[in-house]
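S.K.: Quick mapping for you: the protein sequence lines, in order, are chains H and U.
First residue of the first sequence: 499, per the numbering used here; consecutive thereafter.
First residue of the second sequence: 173, per the numbering used here; consecutive thereafter.
Yeah, the Cβ is synthetic: ideal placement off N, Cα and C, and Gly gets one too.
These numbers come from a predicted model, not from an experiment.
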Amino acid sequence: MPEGEQITLTQMQTGQSGTVIQIKGGHGLVNRLNSLGIRPGKRITKLSSMIMRGPVTIQVDRAQVAIGFGMARRIIVEPV
Amino acid sequence: MKILLMGNPNVGKSVIFSRLTGVRVIASNYPGTTVGYTRGFMKLGEEPDEIIDVPGTYTLEPTCEAEEVALRMLDTGDVVINVVNATNLERNLYLTLQLLERDIPVVVALNMWDDTRHRGIHIDLDKLRELLGVPVIPTVAVTGQGIKELVEDIPKAISPDSPARSRDERWAAIGSIIDQVQRVTHRHHTWRERLGDASVKPLTGGIMALAVLGGAFMIIRLIGESLIGYVLEPLFDNLWAPVILRLSELLGGDGFLHDIVIGKIAGGEVNFVESFGLLTTGLFVPFGMVLPYIISFYLVLGLLEDIGYLPRLAVLMDTIMHRLGLHGYAIIPTLLGFGCNVPAVLATRILESKRERFIAATLISIAVPCAALQAMIIGLVGEKGGQYVAIVYGTLFVVWIILGIILNRVVKGFSPELLIEIPPYRLPSWRAVLQKLWMRVYGFLVEAIPIILGAVLVINILYILRVFDAIANFTAPVVTGLLGLPKEAVTAIVIGFLRKDVALGMLAPLGLTAEQLVIGSVVLAMFFPCIATFVILLRELGMVNMLKSAAIMICVALITGGLLNLIL
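#1: Counting only Cβ pairs nearer than 7 Å, list the residues of chain H close to Lys373 of chain U.
#2: Determine the DSSP secondary structure at Phe213 of chain U, reduced to helix, strand or coil.
#3: Measure the C-alpha to C-alpha separation of Asn182 of chain U and Met548 of chain H and round it to an integer number of angstroms.
#4: Would you check if there are 3 or more beta carbon pairs closer than 8 Å linking the stretch 495-509 of chain U to the stretch 527-540 of chain U?
#5: Given this structure, state the Cα-to-Cα distance separating Met390 of chain U from Gly377 of chain U, to the nearest angstrom.
#6: Is Asn201 of chain U helix, strand or coil when you go by DSSP?
#7: Looking at chain U, which residues of the stretch 565-578 of chain H have a Cβ within less than 9 Å of any of its Cβ atoms?
#8: Pairs of beta-carbons, one from the stretch 562-579 of chain U and one from the stretch 457-467 of chain U, closer than 8 Å: are there three or more?
#9: Can you look up Lys540 of chain H in the DSSP assignment and give me helix, strand or coil?
#10: Go ahead and pull the three-state DSSP assignment for Leu634 of chain U.
#11: At 4 residues or longer, and completely inside the stretch 258-332 of chain U: list those alpha helix (DSSP H) runs for me, N to C.
#12: Use the C-beta contact count for Asn410 of chain U: other C-beta atoms within 10 angstroms, 16 or more gives buried, fewer gives exposed.
#13: Mind checking if Asn645 of chain U is an interface residue toward chain H, Cβ cutoff 8 Å exclusive?
#14: In chain U, what lies closer than 8 Å to Leu534 of chain H by C-beta?
#15: Ignoring anything shorter than 4 residues or poking outside the stretch 447-506 of chain U, list the alpha helix (DSSP H) runs there in chain order.
#16: Can you name, in chain order, every residue of its own chain whose Cβ lies under 8 Å from the Cβ of Thr193 of chain U, other than the five neighbours on each side?
#17: Which residue spans inside the stretch 336-401 of chain U form an unbroken alpha helix (DSSP H) run of at least 4?
#18: Compute the Euclidean distance between the alpha carbons of Arg289 of chain U and Val356 of chain U, then round it to the nearest angstrom.
#19: Can you grab the Cα-Cα spacing for the pair Asn283 of chain U / Glu219 of chain U, in whole Å?
#20: Roughly how many whole angstroms lie between the Cα atoms of Met499 of chain H and Thr506 of chain H?
#21: Since Met550 of chain H meets chain U, which of its residues come closer than 7 Å, beta carbon to beta carbon?
#22: Please report how far the alpha carbon of Pro649 of chain U lies from the alpha carbon of Thr685 of chain U, in whole angstroms.
#23: Straight-line CA distance for Lys373 of chain U to Met380 of chain U?
#24: For Ala539 of chain U versus Thr520 of chain U, is the C-beta distance shorter than 8 Å?
#25: Taking the Cβ atom as the reference point for each residue, do Asn260 of chain U and Ala561 of chain H lie within a distance shorter than 8 Å?
#26: Around the C-beta of His494 of chain U, are 16 or more other C-beta atoms found within 10 angstroms, so that it is buried, or is it exposed?
#27: Using the Cα positions of Thr229 of chain U and Glu503 of chain H, report the straight-line distance between them to the nearest angstrom.
#28: Spell out the partners DSSP gives Gly435 of chain U in its beta bridges.
#29: Going along chain H, which residues have a C-beta under 7 Å from Tyr266 of chain U?
#30: Of the choices U:Asn632, U:Phe428, U:Leu609, U:Ile400, whose alpha-carbon is the least far from that of Arg196 of chain U?
#31: With a threshold of 8 Å between beta carbons, is Gln562 of chain H in contact with chain U?
#32: When you compare only the Cα positions, how much space is there between Ile400 of chain U and Ala543 of chain U?
#33: May I ask you to report which of helix, strand or coil DSSP gives Pro220 of chain U?
#34: Please decide whether His499 of chain U counts as near chain A, where near means a Cβ-Cβ distance under 8 Å.
#35: Comparing the C-beta of Trp602 of chain U with each C-beta of chain H, is any distance below 8 Å?
#36: To the nearest angstrom, how far is it from the Cα of Leu568 of chain U to the Cα of Met611 of chain U?
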């Protein structure tokens, strides 16, 4: 797939959906996100983001998860 | 037999626990309500079985203190009731598979079963049972549906020969299970979901937060004041005062016993705030001043908890909380602190790092006054004018911010990011809300009132022995020189270690100016935690950090009090 289409979760538009491609982080981060169902291949929808580098809220399956800005920046997504 | 209730956070373990054991526990609509464990008993066979309500965990590879507690519990259990949120089967099954890989019998309670229907989710139960290899019982914990069947199936729990899998293998297995058992039909957004989305967007969320918190504050005051003005003060003035006066006569109106039981009475009238006897102030402070606000605060908090608003507030507050070395979820322990600092410090377990827990616990102990203290502040300082109450709260808020910024700079390490699941909004059941309110009010009655009465007794004995005079003379340079209070005010600070509400009450007979009352309230709020909070801080932070935290409290209280004395 073309490189240009991959963006971070923070760059996604509110309301936009995408597929998680990669989590750029250590074992701890991957583990925590994974336990909340956020893992490569998963389809997610961005519901909102707070101003001033606040958390991003996403829908994954039927759960909503709020993710801190620094963490959200390490989640690479391919928008659909 | 030891039965463990385990599952993801906020799936209803505590409600099932209450159903099974009859033991009431605090249940709310946010992940991390249970941070310690509660045990209860039920009878399956001849012997009573122990049931443990384990804190929620997403995985058996722990990521915070509450999850570590869960993992430690697992090694001690004989059977696991794995509570699963039926509306989010895929994610919940991750923990289920981890449990099945362990050598412990498991039975699955598929909770929130009623929600699946209106969410358009269809689950093939028989297929799920076959694939997991353990009993699966659909339950609706809040109504009790399926609980009987669950109990019947506990003896049928088994540990299937599940191979140890890697993370990816587990997800692959879950994917295959979901494909076979679950079918989801499309449906439209409900208004509750729209409201949920709006409350985590910057503009609409901000407006909603202001409205919710402002509304909560007004309702708490309205209920509290009404209970005092229309119920409790009339009761004390019209029914209890004549009894006290009669008793005072019987005791001869004077003397050792009279001082302790009734206190000082002047001019044939009972001043319940200032007389300081066991049956006058000792009863009026807890029942006439504090209890009404305990009731109103916990009623409103319980509603906010059960609706599921608090995690959304955490999202909104995240940016601000990061400046204080915390993340947004720390707002939940902080809000709990406005009721009582003890559960608040316990609730800091939902934070991931030791650093965060130290900062959060210290900030709560210093700048978050408990409901008992607030009731007294509103009662005593409020008499001098609302603006003085505002100065007290304003000062505490500024200290909270500034101290947080300093601690964020000074305390080593970094704070993790917010990562929380946001539960759907739910309509709270009145029964559940009132039950929770009663548990908290009952907790106040049995835990606080003995200490309040004890404090009043100690105060009287120390007065009679003239111990306070000695302390007052010794500390006069600080209390009078730095804080601008009469030297006798130190007695309140000393008693503040027992109960802060009684302590603030001790300032009432001193005839302080409004400014002095403000300084007294602020110093009392910040100076040192009450004994109950002290014990919990010691347990949760350890000796060294507790001492650091206490040193910070004393310094900040003196600096703030001194500054207020200069400014006011």
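M.R.: According to the structure shown:
#1: By one-based count along the second sequence, residue 373 of chain U stands at place 201. Residues of chain H passing the Cβ test: Ser546.
#2: On the second sequence, residue 213 of chain U is found 41 positions in, with the first residue counted as 1. DSSP places Phe213 of chain U in strand when its eight states are reduced to three.
#3: Taking the second sequence and counting its residues from 1, the one referred to as residue 182 of chain U is at position 10. Taking the first sequence and counting its residues from 1, the one referred to as residue 548 of chain H is at position 50. Spanning the two alpha carbons is a distance of roughly 24 Å.
#4: yes
#5: In the second sequence, the residue the question calls residue 390 of chain U occupies position 218. In the second sequence, the residue the question calls residue 377 of chain U occupies position 205. Taking the straight line from one Cα to the other gives about 20 Å.
#6: One-based indexing of the second sequence puts residue 201 of chain U at position 29. Coil at Asn201 of chain U, not helix or strand.
#7: Ile565, Gly566, Phe567, Gly568, Met569, Ala570
#8: no
#9: As a working note, residue 540 of chain H is residue 42 in the first sequence. Coil.
#10: In the second sequence, counting from the first residue as 1, residue 634 of chain U sits at position 462. It is helical.
#11: 261-273, 285-290, 297-304, 319-325
#12: Working through the second sequence from its first residue, we reach residue 410 of chain U at position 238. Its Cβ having fewer than 16 others within 10 Å, Asn410 of chain U is exposed.
#13: Indexing the second sequence from 1 puts residue 645 of chain U at position 473. Chain H, which has no Cβ nearer than 8 Å to the Cβ of Asn645 of chain U, makes this no.
#14: Working through the first sequence from its first residue, we reach residue 534 of chain H at position 36. Result: Tyr230, Arg263, Leu591, Glu593.
#15: 463-479, 482-495
#16: Taking the first residue of the second sequence as 1, we reach residue 193 of chain U at position 21. Once the five neighbours on either side are set aside, the close Cβ partners of Thr193 of chain U are Gly212, Phe213, Met214, Ile223.
#17: 339-353, 363-370, 374-398
#18: In the second sequence, counting from the first residue as 1, residue 289 of chain U sits at position 117. In the second sequence, counting from the first residue as 1, residue 356 of chain U sits at position 184. About 10 Å.
#19: Position 111 of the second sequence, counting from 1, holds the residue named residue 283 of chain U. Position 47 of the second sequence, counting from 1, holds the residue named residue 219 of chain U. So the alpha carbons of these two residues sit roughly 27 Å apart.
#20: As a first step, residue 499 of chain H is located in the first sequence; it is residue number 1 there, counting from the start. As a first step, residue 506 of chain H is located in the first sequence; it is residue number 8 there, counting from the start. Confidence at Met499 of chain H is low in this model, with a pLDDT of 46, below 50, so the placement of that residue should be treated as unreliable; the coordinate-derived value is given next. Going by the C-alpha atoms only, they are around 16 Å apart.
#21: Numbered from 1 along the first sequence, position 52 holds the residue referred to as residue 550 of chain H. What Met550 of chain H touches in chain U: Thr491.
#22: Residue 649 of chain U sits at position 477 when you count from the first residue of the second sequence. Residue 685 of chain U sits at position 513 when you count from the first residue of the second sequence. Cα-Cα distance, rounded: 19 Å.
#23: As a first step, residue 373 of chain U is located in the second sequence; it is residue number 201 there, counting from the start. As a first step, residue 380 of chain U is located in the second sequence; it is residue number 208 there, counting from the start. Answer to the nearest angstrom: the Cα atoms are 10 Å apart.
#24: Position 367 of the second sequence, counting from 1, holds the residue named residue 539 of chain U. Position 348 of the second sequence, counting from 1, holds the residue named residue 520 of chain U. Going by C-beta atoms, Ala539 of chain U is not nearer than 8 Å to Thr520 of chain U.
#25: Along the second sequence, one-based indexing puts residue 260 of chain U at 88. Along the first sequence, one-based indexing puts residue 561 of chain H at 63. In contact: Asn260 of chain U and Ala561 of chain H (Cβ atoms closer than 8 Å).
#26: For this step, residue 494 of chain U is matched to residue 322 along the second sequence. Counting Cβ neighbours within 10 Å, His494 of chain U comes out buried, since at least 16 surround it.
#27: Along the second sequence, read from residue 1 onward, the residue named residue 229 of chain U stands at position 57. Along the first sequence, read from residue 1 onward, the residue named residue 503 of chain H stands at position 5. Computed Cα separation, rounded: 35 Å.
#28: If you number the second sequence from 1, residue 435 of chain U lands on position 263. Its beta-bridge partners are U:Phe448.
#29: Position 94 of the second sequence, counted from the first residue, corresponds to residue 266 of chain U. Ser533, listed in chain order.
#30: Counted from its first residue, the second sequence places residue 196 of chain U at position 24. It is U:Leu609 whose Cα lies nearest to the Cα of Arg196 of chain U.
#31: Here residue 562 of chain H is taken as the residue at index 64 of the first sequence, counted from 1. So, interface residue.
#32: Your numbering for residue 400 of chain U matches position 228 in the second sequence. Your numbering for residue 543 of chain U matches position 371 in the second sequence. If you take the alpha carbons of Ile400 of chain U and Ala543 of chain U, they lie about 15 Å apart.
#33: To locate residue 220 of chain U, count along the second sequence from 1; it is residue 48. Strand.
#34: This model lacks chain A altogether; the protein chains it does include are H and U.
#35: As a first step, residue 602 of chain U must be located in the second sequence, where it is residue number 430. Output row for Trp602 of chain U: interface = no.
#36: For the purposes of this step, residue 568 of chain U is taken as residue 396 along the second sequence, with counting starting at 1. For the purposes of this step, residue 611 of chain U is taken as residue 439 along the second sequence, with counting starting at 1. Going from the Cα of Leu568 of chain U to the Cα of Met611 of chain U covers about 29 Å.
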